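Here the working numbering is used: the first residue of the sequence shown is 67, the next is one more, and so on. Yeah, the Cβ is synthetic: ideal placement off N, Cα and C, and Gly gets one too. Predicted model only: the values in this text are computed from it and were never measured. Step one of this worksheet: look at the structure below.
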Amino acid sequence: MNASASPANKLDGYEIPRSRMIEHLRNHYKIKDEKVLEVMNRLPRHQFVPEALKSQAYKDNALPISAGQTISQPFIVARMTELLELEPKDRVLEIGAGSGYQTAILASLARKIFAVERIPGLAKAALEKLRKLDFQNVSIRTADGTNGWEVYAPFDAILVAAGSPSVPEPLLRQLKIGGKFIIPIGEDQKTQTLVRITRTDNGSENENFGPCAFVPLIGEYGWE
Ligand code: SAH
67 MNASASPANK LDGYEIPRSR MIEHLRNHYK IKDEKVLEVM NRLPRHQFVP EALKSQAYKD
127 NALPISAGQT ISQPFIVARM TELLELEPKD RVLEIGAGSG YQTAILASLA RKIFAVERIP
187 GLAKAALEKL RKLDFQNVSI RTADGTNGWE VYAPFDAILV AAGSPSVPEP LLRQLKIGGK
247 FIIPIGEDQK TQTLVRITRT DNGSENENFG PCAFVPLIGE YGWE
């Protein structure tokens, strides 16, 4: 499934908070990519948060999921997706699937998503939700994503949703020339800078997009 055939948003009672979230992303956070906003206005974010937090699903903050992890703030999800500049033909590697919400957005904009999640229970729950929403173009694997997913490389785009001390070298190697890679990088485990890396013929170019706060990326090329 891709952009043109993403699951439709049936009336679900969350139309008003969802459209407020979209207005806030557009007017306050200056998210400009209308395709990203359209997808976020369609996907049921409330289905990706714990039952008890459903009423808060469209608020402007991250929320706890399970195993001490979080579903990222809508703004950061929108910004990271916008910065990837996805095309419908793209194959994308996502590290840190968590709730699966970001995965659903990527799967609505690109051809195929290969997602890696380190915590088995989260990976399983995310895949179940995505199947229930009829996404057929997502594979989720439980593993240390700092090693990437070699057999399916190279990727058109890579998104890492956890904070890393540095750029995991295997991920850069698995990115196509011209491909874009978004990752939060920081010297401590609590705060990072959102970095976009574009792979070039003879190396890579980095751009910074301001401070952010993600849970740590734990693995061979991340934190211990
Ligand atoms: N985009 C997700 C963010 C989840 S938080 C969402 O909005 O729901 C980040 C996730 O990264 C957590 O689920 C955590 O378990 C996972 N993670 C941390 N280190 C990882 C690694 N090395 N490989 C794969 N996943 C990792």
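| query | result |
| --- | --- |
| Once the 5 residues before and after L196 are set aside, which same chain residues still bring their CB inside 8 Å of it? | G166, T169, A170, A173, V204, I206 |
| By how many angstroms is the C-alpha of T208 removed from the C-alpha of I185? | 7 Å |
| Are the stretch 251 to 260 and the stretch 108 to 125 touching, with three or more C-beta to C-beta distances below 8 Å? | no |
| If you follow the beta strand (DSSP E) that K178 is part of, which residue opens it and which one closes it? | 178 to 183 |
| What do you get for V217, buried or exposed, if any count of 16 or more other CB atoms within 10 angstroms of its CB means buried? | exposed |
| Are three or more beta carbon pairs between the stretch 142 to 157 and the stretch 119 to 126 nearer than 8 Å? | no |
| Enumerate in chain order the residues of its own chain whose CB-to-CB distance from K210 is below 7 Å, with the five nearest sequence positions on each side excluded. | What sits at residue 210 in the sequence shown is Asp, not Lys. Hits under 7 Å: R184, G285, E286. |
| By DSSP's criteria, I137 is part of a beta bridge. Which residues make up the other side? | L129 |
| Report back the beta-carbon spacing between P250 and F280 to the nearest angstrom; my notes put them in contact at under 8 Å. | 5 Å |
| Compute every distance between the C-beta of R197 and the non-hydrogen atoms of ligand 1, then say whether any falls below 6 Å. | no |
| Considering G187, what are the terminal residues of the alpha helix (DSSP H) in which it resides? | 186 to 198 |
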